[in-house]
Amino acid sequence: MDNIKVIIDDIHKTIDNKNHWKNVVKEISKYCNGNNGGGASLIPLESNMIEWRYGSNDDKKADLLYYSHWREKSPMLDYVNRNINKDLFCFDDSFLSDDDINHHPFYQEFLKEFGVKRVHQILFKIEQGDRFILSVQSPWDDLDVNPKQINKKLREITPYIKNYLSIAFKFNSMNNTKKIFESLLEDMVCGIVFLNESNKIVHANKKMIDMQKYGLFIKNDVIVMPDNQSHYKFKLFLKQVEENPGKNFFKFSGKDGNLLSVRIIYFPEISQSIKNSDSTINKVVIFSPEFVSDNTENILKEFFLSPSQAKISCMLANGISIKEAAVKMNISEGTARQMVKEVFVRLGINSQNKLISFVKNISFMS
1 MDNIKVIIDD IHKTIDNKNH WKNVVKEISK YCNGNNGGGA SLIPLESNMI EWRYGSNDDK
61 KADLLYYSHW REKSPMLDYV NRNINKDLFC FDDSFLSDDD INHHPFYQEF LKEFGVKRVH
121 QILFKIEQGD RFILSVQSPW DDLDVNPKQI NKKLREITPY IKNYLSIAFK FNSMNNTKKI
181 FESLLEDMVC GIVFLNESNK IVHANKKMID MQKYGLFIKN DVIVMPDNQS HYKFKLFLKQ
241 VEENPGKNFF KFSGKDGNLL SVRIIYFPEI SQSIKNSDST INKVVIFSPE FVSDNTENIL
301 KEFFLSPSQA KISCMLANGI SIKEAAVKMN ISEGTARQMV KEVFVRLGIN SQNKLISFVK
361 NISFMS
């Protein structure tokens, strides 16, 4: 392979597929050595970067040679340690005589075993500060090894590797962050929808499927409310949020009569700076049921309250009065009020509003 452009194009592919380095180091070996013998490897010097270690040899034992044994046994180890803070330099084992090479354990035990005669190295740092060595190993039986020519080719390639590795690190970091964010999004107890500038849905979490029981649907990338009145109110609310981002909260009744709260987070600066309204998110809509579930009641029973105290607490949180709760629980209103007072004492609170907030917080976390 004489065309460095082909290698550069393949290095570019490693940004979103770092396993492609396996192919790249093979191409680098062939390019530098001028033949299919020998090998090449990308070696991170930081121990926590081991996942970025790639060698051209498919033999796992050889892969260990490139990483662990090289750092422990190579006569170049001291040289690396002395020059570790340099940004970019290239060196090989030419400081050793042929006799030194023939008798040194590193060459006897490792390099000969894998048919390698010379090791050519270039040490560099990427933008994030992590240090790598790009290594090319010449075949043991190659009588025409030209270290200067190999080092020249290594220097040609290294700037591209530095650049694309730096980009790849950013890409992987963003990708990992995106995965974590999406995972958290799916675990939320609320229905969450991302809208673009045209109020079309860019993304919705799985909880929005549960919102269908309240009459909320997604159709043609648009949120459809339970009835025409709610739908009109929601569209008007979206417009009002753009005009006054401070007014971003309202409630409406689902088809079963239960209240749902809606909060909209608006990013006006995105609308002003980015015109791609098809995929750019400029609003986040959060749908949260205004009632607490049986699961909340079970948590209250298990950790905080007696069964009857948990039941009446959840009723109050769902908007039921003490008088109505007494009827539903088949107890007197006086007994119900005394029960609520006992809940106050047990939870260390002093008002019905604080009790409702406490229960709703438990519901949100569950």
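Those letters in the sequence shown? Residues 1 to 366, by the UniProt record's numbering.
Glycine included, every Cβ here is placed at the ideal spot set by N, Cα and C.
Here the structure is a predicted model, which is why all the values come from computation and not from measurement.
1. If you scan the region 102 to 137 from start to end, which runs of the beta strand (DSSP E) of 3 or more residues do you find wholly inside it?
2. When the Cβ atoms of the region 34 to 54 are set against those of the region 190 to 199, are three or more pairs found closer than 8 Å?
3. If we ignore side chains and look at the alpha-carbon of each, how far apart do ALA336 and SER351 end up?
4. Which same chain residues end up closer than 8 Å to ASP227 when comparing Cβ atoms and leaving out the 5 residues on each side of it in sequence?
5. Which residues in the same chain as PHE171 place their Cβ atom closer than 8 Å to its Cβ, once the five residues preceding and following it in sequence are excluded?
6. Where GLU186 and CYS32 are concerned, what is the direct C-alpha to C-alpha distance, given to the nearest angstrom?
7. If you count every other CB in all the chains shown that lies within 10 Å of the CB of VAL116, and 16 or more means buried, which is it?
8. Report yes or no: do three or more beta-carbon pairs, one from the region 124 to 132 and one from the region 160 to 174, lie closer than 8 Å?
9. When burial is assigned at 16 or more other CB atoms within 10 Å of the CB, is TYR54 buried or exposed?
10. Give me whichever residues DSSP pairs with VAL222 in a beta bridge.
11. Per DSSP, which one or two residues make a beta bridge with ILE43?
12. What is the DSSP secondary structure of LEU96, reduced to helix, strand or coil?
13. Does DSSP put LEU316 in a helix, a strand or coil?
14. Which residue from ILE133, SER288, ALA317 puts its Cα closest to that of residue 369?
15. Can you give me the start and stop residues for the beta strand (DSSP E) that TYR266 sits inside?
16. Give me whichever residues DSSP pairs with LEU236 in a beta bridge.
17. Using 8 Å for Cβ pairs, my map puts ILE28 next to TYR160. What's the rounded Cβ distance?
Considering the structure as presented:
1. Taking only runs of at least 3 residues, the beta strand (DSSP E) segments lying wholly in the region 102 to 137 are 116 to 125.
2. No, because fewer than three Cβ pairs between the region 34 to 54 and the region 190 to 199 fall closer than 8 Å, the two stretches do not touch.
3. Their backbone Cα atoms lie some 15 Å apart in a straight line.
4. Taking C-beta separations shorter than 8 Å and ignoring five residues to either side along the sequence, the partners of ASP227 in its chain run GLY215, LYS255, following chain order.
5. Once the five neighbours on either side are set aside, the close Cβ partners of PHE171 are ILE15, ASP16.
6. Our two residues, GLU186 and CYS32, have alpha carbons roughly 49 Å apart in a direct line.
7. Label assigned to VAL116: buried.
8. Taking 8 Å as the limit for Cβ pairs, the verdict is that the region 160 to 174 does touch the region 124 to 132.
9. Counting C-beta atoms within 10 angstroms of its own C-beta, TYR54 has 16 or more neighbours from the protein chains shown and is therefore classed as buried.
10. LYS219.
11. For ILE43, which the question treats as bridged, DSSP gives the partners ILE133.
12. Annotated three-state conformation of LEU96 is coil, per DSSP.
13. Here LEU316 sits in helix by DSSP.
14. Because the chain spans 1 through 366 in this model, residue 369 falls outside it and cannot be assessed.
15. Run containing TYR266: 259 to 266, per the beta strand (DSSP E) assignment.
16. As computed with DSSP, LEU236 is found in no beta bridge at all.
17. Not really, about 11 Å apart at Cβ, beyond 8 Å.
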